[in-house]
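See below for the structure under consideration.
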Amino acid sequence: MHIPDGYLATPVWATLDVAAAPAVGYLARRAQKGLEQSSVPLLGVMGAFVFAAQMINFPVAAGTSSHLVGAALLAYALGPAAAGVVLTAILAVQALVFQDGGILALGANVINMAIAGMLAGYLPYWLLGAGRWRRQAIFLGGFLSLLTSGVLAMGELILSGVPMPGVVIRFSLGVFLVSAVLEGAITLAIMQALTAIHPELLRQPQSDGRRALGWIGVGAIILAVAGVAMASAYPDGIERLADATGIASHATTLLRTPLADYQLGTLGSAWLRKAGAGLAGISLIYGALLVGGKWLARKRGA
Amino acid sequence: MHHVVLDRWSRGESALHRRDARAKTIVVLIFLIALATAQRAFLPLSLCYLGILAATIVAAGLPLGAALKRAAVVLPFTAVFVAISLAAGEPMRAAALVGKSYLSALAVLVLVSTTPLPELLRGLERMGVPRYLLMVAQFLYRYLFVISEEAQHMRAALQTKSGTLRRALWDRGKFAAAGGALGVLFARSYAHAEGIHQAMLARGFRGHFLTLSGRSFGRADVFFVAAALVIVAGARAAVEAWI
Amino acid sequence: MQPLVEVRDLRYRYDDGTVALDGVDFQLFAGETVAVLGANGSGKTTFVLHLNGLLLGQGSVTVCGVPVQPATLAQVRQKVGLVFQDSDNQLFMPTVLEDVAFGPLNLGLDAEQARTRALDALGAVGMAHVSAKAPYHLSAGEKKRVAIAGILAMNPEILVLDEPTTFLDPPGQNALVELLDELPQAKILVTHDVDCARALASRAVFFEKGKIAGEGSVPEVVARFSWDRTSLHRQASSRL
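Chains as they are written, first to last, in the working numbering: chain A, 7 to 308; chain B, 125 to 367; chain C, 6 to 245.
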């Protein structure tokens with residue numbers, strides 16, 4: 007799920023780098039304010055923990071294996087801003103030291119995993135973590151964080167013109183689903199262990215009013231993820247739908263002008279229509295997370 | 125372990141090692157962008173760039189074969205997409221994926237093998253990346269080895285107690301045990317963080333990390349960046365004009 | 006002669022209510038080395054954490070005439086150098102030199118002065134040759150020396166060492182004891198290593214359940230509280 011360099015089209019990686027930079031700056035400032043000054047070693051060591059935990063592989067199926075990603079867990083322990091900083095640091099070290107994930111693609115990977123995936127994981131816990139549905143919320147958080155990152159990554163690859171026949175997409179989604187279930191389960195197992203021995207290490211989910219927006223956020227994430235997944239896996243069905251509603255032609259015109267000069271120029275318009283649908287889905291996810299994230303930030307500041 | 129080897133390589137002595145971290149970062153970025161934006165003549169361009177990187181590796185006193193091998197970690201992922209591209213009748217894209225992903229990984233490997241990570245991070249800070257983020261990365265790297273060792277001990281202990289982790293997904297007991305082990309590792313990591321914090325306070329820490337002064341950008345560094353720009357861009361222009 | 010460290014009726018309770026220190030009186034004089042002995046959990050480490058204000062309890066703790074309070078922490082932490090049991094937690098900077106310079110920089114020295122101080126301190130412990138190395142490359146013994154250098158670089162008057170010989174092999178322990186013997190500062194040694202205590206300390210205090218249950222010379226305290234490994238030695242000699 008770490009996208010290497012050489013896969014993303016220039017407008018895609020460049021845009022995501024430009025988008026990620028201020029977002030990361032914002033997270034760093036927020037994290038510094040929310041925790042004490044001396045939080046640097048805590049965040050660093052927690053990052054080392056996630057790294058070390060990622061070295062433990064849980065076999066999934068047919069030779070593939072998965073490991074804890076930890077975005078949701080970090081958010082539950084440190085809060086979303088600090089978790090975002092730690093995850094960014096992890097991604098940077100992975101890209102630099104382990105060449106796992108590209109440098110130009112760092113913006114994309116940061117948005118997919120450290121920001122979008124992390125927020126998608128945090129929202130359910132924030133909403134339900136204090137009540138009867140705590141365990142389900144934690145599982146859902148782990149599950150959504152992985153699924154969101156995976157689907158976003160896949161969407162970015164498709165948008166960049168990397169050939170992805172339907173069968174490959176469906177298989178990838180299958181793997182994502184299994185990994186997401188695993189992430190939910192591992193996150194829940196660790197959280198239960200911690201709640202029993204060291205509950206003071208976890209953030210208290212706040213339960214107060216104005217949660218409607220949070221629910222919309224979660225709903226939007228689920229819909230958008232499902233939507234993009236389906237669009238990618240069954241492009242023809244979506245294409246027909248898009249043709250019928252006229253969305254695709256608008257998206258096509260938008261995409262054609264600025265992007266035509268780049269690599270996308272060699273690809274056919276059929277692909278552009280599919281990409282249009284995918285782009286719409288991705289924008290919906292980004293939008294939902296932006297709304298959710300802004301709302302969370304306002305809650306914290308209140 | 126990979127990072128241990130690179131760490132050792134990064135403390136070598138060569139003209140390249142002595143360059144300012146910022147200069148090397150800029151050069152690698154130039155290379156990566158030149159590679160990423162290339163749209164044609166992939167095969168000859170990749171060979172040309174591979175030659176440039178190989179020459180750089182040798183000049184830096186690093187073992188060539190080992191370096192080339194380590195950068196290949198990106199290839200398994202790429203192999204899948206190469207197969208798909210070829211099946212979809214897009215051999216150019218297949219070539220592009222292999223060339224670009226491998227050479228990008230190799231370039232980053234060269235950067236990290238000639239610059240100790242903390243120095244690299246300090247260079248990034250002087251280029252505008254938020255200090256807080258970089259300090260977190262610095263501590264992460266410092267304690268990576270410590271926590272990984274503890275994780276390996278736990279994993280060994282877990283395996284002796286409950287067989288391999290292979291069936292863990294289907295066995296709730298083992299899964300809970302694994303979760304418990306990771307929970308303990310989490311708590312231990314937290315304890316480390318508290319210990320570090322105490323050690324920092326004991327030596328007068330008051331909230332800001334102060335540093336010893338670093339190297340400054342010299343004439344050799346300026347020349348290095350200029351030369352790299354000429355070589356990288358020139359090679360690409362030449363290859364594209366020739367094809 | 007005024008004591009360098011004066012502790013009177015020190016009491017400390019954890020957040021969950023457990024009593025860690027139940028009225029401790031203690032003094033340290035210049036040039037002395039005092040061994041702090043006692044079972045795990047008896048309050049030894051909790052006690053020394055009060056000497057540089059990492060913990061603040063009830064009662065009074067005075068260091069070189071300065072009472073340990075939130076307002077005086079900076080001063081106190083320069084005077085009392087604490088070497089922790091876990092060297093990995095203590096050496097948290099990327100290189101040895103940066104770590105040893107951490108203290109001097111926090112004391113307000115500029116980069117050049119801090120660098121000089123750090124190199125001098127490393128020289129004093131025989132570790133100047135590793136100044137550019139990363140801490141994880143060092144052996145346990147080397148790490149301990151560098152940790153001590155990091156403290157010496159702050160010019161303290163009192164050295165407090167928490168279980169310094171843990172993780173060291175016998176040659177490492179010998180070397181450490183030799184080094185500590187050479188350092189002129191007054192020292193407090195929290196230790197289970199009775200041989201180390203016997204080699205360095207002129208006096209010992211024995212902690213039991215948060216209080217000092219006895220004091221005297223090291224052999225006296227060891228004998229009084231049976232704090233040695235006689236049954237082990239007996240078993241060993243029965244094998245011969």
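Ideal placement from N, C-alpha and C gives every residue a C-beta, glycine not left out. Owing to the predicted nature of the structure, the values given are computational and were not obtained by experimental measurement.
In DSSP terms, what residue i is bridged to
i: residue 32 of chain C; result: C:11
i: residue 194 of chain C; result: C:40 and C:166
i: residue 24 of chain C; result: C:18
i: residue 72 of chain C; result: C:67
Partners in chain A for residue i, counting only beta-carbon separations shorter than 9 Å
i: residue 277 of chain B; result: Going along chain A, no residue has its Cβ under 9 Å from residue 277 of chain B, so there is no contact; the nearest lies around 11 Å.
i: residue 148 of chain B; result: By Cβ distance, chain A contributes nothing, its closest Cβ being about 12 Å from residue 148 of chain B, past 9 Å.
i: residue 241 of chain B; result: 99, 102 and 103
Element boundaries [alpha helix (DSSP H), containing residue i]
i: residue 148 of chain A; result: 140–165
i: residue 63 of chain C; result: Taken as a continuous stretch (DSSP letters only), residue 63 of chain C belongs to no alpha helix (DSSP H), being part of the beta strand (DSSP E) at 63–68.
i: residue 151 of chain B; result: 145–160
i: residue 36 of chain A; result: 16–40
i: residue 366 of chain B; result: 343–366
i: residue 117 of chain A; result: Run containing residue 117 of chain A: none; DSSP gives neither H nor E here.
i: residue 133 of chain B; result: 126–134
i: residue 7 of chain A; result: Here residue 7 of chain A belongs to no alpha helix (DSSP H), and DSSP marks it neither H nor E.
i: residue 104 of chain C; result: 101–111
i: residue 183 of chain C; result: 175–187
i: residue 194 of chain B; result: 188–194
Proximal residues of chain B, C-beta to C-beta of residue i below 7 Å
i: residue 79 of chain C; result: 328
i: residue 113 of chain A; result: Neighbours of residue 113 of chain A on chain B: none; closest Cβ ~13 Å, over 7 Å.
i: residue 52 of chain A; result: 313
i: residue 94 of chain C; result: 316, 319, 320 and 323
i: residue 117 of chain A; result: Here the premise fails: no neighbours, minimum Cβ distance about 15 Å.
Boundaries (first-last residue) of the beta strand (DSSP E) holding residue i
i: residue 167 of chain C; result: 163–167
i: residue 208 of chain C; result: 208–213
i: residue 218 of chain C; result: 216–221
i: residue 87 of chain C; result: 85–88
Neighbouring residues, chain A, relative to residue i (Cβ below 7 Å)
i: residue 259 of chain B; result: 46
i: residue 130 of chain B; result: 103
i: residue 173 of chain B; result: Chain A residues near residue 173 of chain B: none, gap ~12 Å exceeds 7 Å.
Presumed contact (8 Å Cβ cut-off) between residue i and residue j, rounded CB distance
i: residue 195 of chain B; j: residue 226 of chain B; result: 6 Å
i: residue 171 of chain B; j: residue 162 of chain B; result: That belief does not hold up - the Cβ atoms of residue 171 of chain B and residue 162 of chain B are roughly 13 Å apart, past 8 Å.
i: residue 26 of chain C; j: residue 62 of chain C; result: 6 Å
i: residue 10 of chain C; j: residue 56 of chain C; result: 6 Å
i: residue 53 of chain C; j: residue 167 of chain C; result: 6 Å
i: residue 140 of chain C; j: residue 101 of chain C; result: 6 Å
i: residue 103 of chain A; j: residue 130 of chain B; result: 6 Å
i: residue 320 of chain B; j: residue 97 of chain C; result: 5 Å
i: residue 159 of chain B; j: residue 173 of chain B; result: 7 Å
Interface partners of residue i on chain B, CB under 9 Å
i: residue 89 of chain C; result: 319, 322, 323 and 326
i: residue 171 of chain A; result: 208, 211 and 212
Proximal chain B residues relative to residue i, where beta-carbon distance stays under 8 Å
i: residue 112 of chain C; result: 328
i: residue 141 of chain C; result: 266, 269 and 270
i: residue 57 of chain C; result: 326
i: residue 106 of chain C; result: 336
i: residue 156 of chain A; result: Under the 8 Å cutoff, chain B gives no residues; its nearest Cβ is about 14 Å from residue 156 of chain A.
Chain-ordered chain A contacts of residue i [CB-CB under 8 Å]
i: residue 221 of chain B; result: 12, 13 and 168
i: residue 195 of chain B; result: 105
Listed by chain order, chain C residues near residue i by CB distance under 8 Å
i: residue 263 of chain B; result: 97
Determine contact between the stretch 183–190 of chain C and the stretch 98–118 of chain C, defined as no fewer than three beta-carbon pairs at a distance below 8 Å. no
With three or more beta-carbon pairs closer than 8 Å as the criterion, would you say the stretch 317–329 of chain B touches the stretch 72–88 of chain C? The stretch 317–329 of chain B vs the stretch 72–88 of chain C: in contact.
Do the stretch 87–97 of chain A and the stretch 260–273 of chain B touch if we need at least three Cβ pairs shorter than 8 Å? yes
Counting Cβ pairs, one atom from each stretch, are 3 or more of them under 8 Å apart for the stretch 126–135 of chain C and the stretch 145–152 of chain C? yes
Closer than 8 Å is the cut-off here; do at least three beta carbon pairs connect the stretch 338–346 of chain B with the stretch 24–42 of chain C? no
Give a yes or no on contact between the stretch 48–56 of chain A and the stretch 73–81 of chain A, applying the rule of three or more CB pairs nearer than 8 Å. yes
Contact the stretch 205–214 of chain C vs the stretch 39–46 of chain C: 3+ CB pairs below 8 Å: yes
With a cut-off of 8 Å, do at least 3 Cβ pairs link the stretch 120–136 of chain A to the stretch 34–42 of chain A? no
With contact counted as at least three CB pairs below 8 Å, one residue from each stretch, are the stretch 233–246 of chain B and the stretch 135–147 of chain B in contact? With the cut-off at 8 Å, the stretch 233–246 of chain B and the stretch 135–147 of chain B touch.
Check whether the stretch 21–29 of chain A and the stretch 109–125 of chain A are in contact - that is, three or more C-beta pairs closer than 8 Å. yes
Contact between the stretch 263–272 of chain B and the stretch 145–162 of chain A (3+ Cβ pairs under 8 Å): Cβ pair count under 8 Å is below three, so no.
Taking one C-beta from the stretch 137–156 of chain A and one from the stretch 177–186 of chain A each time, how about it: are there three or more such pairs within less than 8 Å? yes
Meets three-Cβ-pair contact criterion under 8 Å: the stretch 215–235 of chain C and the stretch 67–76 of chain C: no
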